[in-house]
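K.L.:
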Amino acid sequence: MEKLKKLSKVMNVVFKLVLLIAVIQFGRCLVDLWTNGIAVLKENQGAEFIKISDYTLGNCGWHFLNGQKIETSYFIKGIVLEFVEAVFNLVGLVFLVCTSEKLLKPMTKGQPYNGTASKTLRTLGVGCILICVAGNVIAYLQAARSSHILSEIRRIFMPVTLTGIEVNFGVSLGYLFIGIMTFVLSLVFRYGEELQVQADETL
Amino acid sequence: MPIILRLDRVMADRKMSLNELSERVGVSNVNLSKIKTGKISAIRFSTLEAICEVLDCQPGDILEYTPSEKN
C-alpha cells in the first residue's frame, strides 16, 4: 500500500507536467494558426488560389506541400480542421489527466476501493473509446482534404508520442483497446468495492 | 436485521465500558460502536471468541435471533 501511495503522488506530479505541456502546445498551435494561417489568408485576400510556402508549414502539422497551389476555400477548411484538432487534442488530454487524477486521489490516502474508483474507471474507459472514435473522424476529415491520403490514413495508427516539448495526441486504435480494458477493470474494481464494504462491516 | 447484538446488555451486566472492552479485545472503539448503529453485517469467530473471553459469556448471550416480520 505504501508503494501505491508513493506511485500515486508521483503520477499526480507527472499529470500536472503533461497538462502544462499540452496547454503550451495548444498555445503554440493557436499562434501558428494565426501567423501562418489567418495572416496568409489576409495577404491573399480576394485571391482564388493560395501558394503554400515553407513559411506556411507550421507546428500544427499542416498537410500541404511546399509550393503547392490550393483553393482559398480549401485553405480555410484546413485552418478550421487544424483548430478543431488542436482543441480536440487539448480537451482529450485534459479529460484523461483530470479523470486519472480523480482515480489516483483516494489511492494517495491508501483507499483504492473507496466507492468512486469503479465509476471513474468506467468514465475513463468510455472516454478513451470516444476519443478514439472522434479522433478517427477528425483524421478522416483531414485525410479527405489532403493530396496524400495514404500518409494521412497512416496517422490514424500513430501512437501518442511525447517528443521534446511537443505532445502529439495522435489517433490510435490502441485507445480503443485501452478503453475496453479499462472498462473491464472498472467491473473488477466494483467487485473489490463490494468486498471492501463487507470487510468494513465485519467486526 | 434478524440477528441482534446484545453486547451493550452484557457490558452493562459486567460493568465494563466500551473503551475498556475495545482495549482488551483489540478492536477499535469505532468498530465496537458500529454495533449500536447497526453497521455490522458480519463478525469473525476470532473477534467473537475474544469478546466472550473478556466478558466471560457465551456467544448466545451476545447474539440474538429475532424472526423478521415477513416470516
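Here the protein sequences line up with chains D and G, keeping their order.
Just so it is clear: in the first sequence, position 18 is 4 by our numbering, and no numbers are missing.
Just so it is clear: in the second sequence, position 25 is 10 by our numbering, and no numbers are missing.
We treat Cβ as the ideally placed atom computed from N, Cα and C, and that holds for glycine.
Nothing here was measured: the structure is a model prediction, and the numbers come from that model.
1. Could you check what DSSP says for E57 (chain D) in three-state terms: helix, strand or coil?
2. Within the same chain, show all residues whose beta-carbon is closer than 6 Å to that of L148 (chain D), passing over the 5 residues directly before and after it, in chain order.
3. List, in chain order, every chain G residue whose beta-carbon is nearer than 8 Å to that of Q184 (chain D).
4. G156 (chain D) to I164 (chain D), Cα distance in whole Å?
5. Quick check on DSSP: helix, strand or coil for I25 (chain D)?
6. Near A33 (chain D), which residues of its chain fall below 7 Å by C-beta distance, leaving aside the five closest residues on each side in sequence?
7. Where does N154 (chain D) fall in DSSP's three states?
8. With a 10 Å radius around its C-beta and 16 neighbouring C-beta atoms as the bar for buried, classify L(-7) (chain D) as buried or exposed.
9. Which same chain residues end up closer than 8 Å to K21 (chain G) when comparing Cβ atoms and leaving out the 5 residues on each side of it in sequence?
10. For the stretch 35 to 46 of chain G, list every residue whose C-beta sits within 9 Å of some C-beta in chain D, in sequence order.
11. Going straight from the alpha carbon of L116 (chain D) to that of V4 (chain D), what length do you get?
12. Where does the unbroken beta strand (DSSP E) through Y50 (chain G) begin, and where does it stop?
13. Does the separation of the CB atoms of L17 (chain G) and L33 (chain G) fall below 9 Å?
14. Can you confirm whether L48 (chain G), when its beta carbon is compared against all beta carbons of chain D, has any partner nearer than 9 Å?
15. Does the Cβ-Cβ distance between L90 (chain D) and M(-3) (chain D) come in under 9 Å?
16. What does a CB cutoff of less than 8 Å around Y99 (chain D) pick up in its chain, not counting 5 residues either side in sequence?
17. Say whether the stretch -13 to 1 of chain G touches the stretch 35 to 53 of chain G, bearing in mind that this needs 3 or more beta-carbon pairs closer than 8 Å, one atom from each stretch.
18. Would you mind reading off the limits of the beta strand (DSSP E) that contains L(-10) (chain G)?
19. What's the C-alpha gap between V161 (chain D) and C114 (chain D)?
20. For a contact meaning CB atoms closer than 9 Å, what does E187 (chain D) contact in chain G?
21. Have a look at A72 (chain D) and C15 (chain D) and give me their C-alpha separation to the nearest angstrom.
22. At 3 residues or longer, and completely inside the stretch 66 to 113 of chain D: list those beta strand (DSSP E) runs for me, N to C.
23. Using beta carbons (cut-off 9 Å, strictly below), is L4 (chain G) in contact with chain D?
24. Find the residues of chain D that neighbour V12 (chain G), judging by a C-beta separation of less than 8 Å, and give them in chain order.
25. Could you check which residue in D:R108, D:Q97 and D:V(-1) has the C-alpha nearest to that of E87 (chain D)?
26. Quickly, what does DSSP pair I36 (chain D) with across the bridge? List them, please.
P.N.:
The structure says:
1. Three-state DSSP puts E57 (chain D) in a strand.
2. Any answer about L148 (chain D) is weak, because its pLDDT of 37 lies below 50 and its placement is not dependable; what the coordinates show is given next. No residues qualify anywhere along the chain.
3. Within chain G, the residues near Q184 (chain D) are S26 and A27.
4. With a pLDDT of only 49 at G156 (chain D), under 50, the local geometry of the prediction cannot be trusted, and no value is derived from it.
5. This sequence places Ala at residue 25 (chain D); Ile is not what is there. A25 (chain D): helix per DSSP, three-state reduction.
6. Within the same chain, and ignoring the five residues on either side of A33 (chain D) in sequence, the residues whose Cβ sits closer than 7 Å to its Cβ are T58.
7. Caution applies to N154 (chain D), whose pLDDT of 42 falls short of 50 and renders its modelled position unreliable; the model cannot decide the point.
8. Around the beta carbon of L(-7) (chain D), fewer than 16 other beta carbons lie within 10 angstroms, which makes this residue exposed.
9. Closer than 8 Å at Cβ, skipping near neighbours: D(-7).
10. From the stretch 35 to 46 of chain G, only I36 have a Cβ closer than 9 Å to chain D.
11. Rounded to whole angstroms, L116 (chain D) to V4 (chain D) spans 21 Å at the Cα level.
12. Per DSSP, Y50 (chain G) belongs to the beta strand (DSSP E) from L48 to Y50.
13. No, the Cβ-Cβ distance between L17 (chain G) and L33 (chain G) is not below 9 Å.
14. No, L48 (chain G) lies away from the interface with chain D (no Cβ there is under 9 Å from its Cβ).
15. A contact, by the Cβ cut-off of 9 Å.
16. Here the set comprises F175, G178, E179, L181 and Q182.
17. Under the three-pair Cβ rule at 8 Å, the stretch -13 to 1 of chain G counts as touching the stretch 35 to 53 of chain G.
18. Segment I(-12) to L(-10), the beta strand (DSSP E) holding L(-10) (chain G).
19. Looking at the sequence shown, residue 161 (chain D) is not Val but Tyr. Taking the CA atoms as reference points, Y161 (chain D) sits about 6 Å from C114 (chain D).
20. Chain G residues near E187 (chain D): K19, K24, I25, S26 and A27.
21. About 7 Å.
22. You should have found no qualifying run.
23. Before going on, a small fix: residue 4 (chain G) reads as Asn here, not Leu. So, not an interface residue.
24. Here the neighbours are L189.
25. Among D:R108, D:Q97 and D:V(-1), the Cα nearest to that of E87 (chain D) belongs to D:V(-1).
26. Under the DSSP definition of a beta bridge, I36 (chain D) partners with D:I56.
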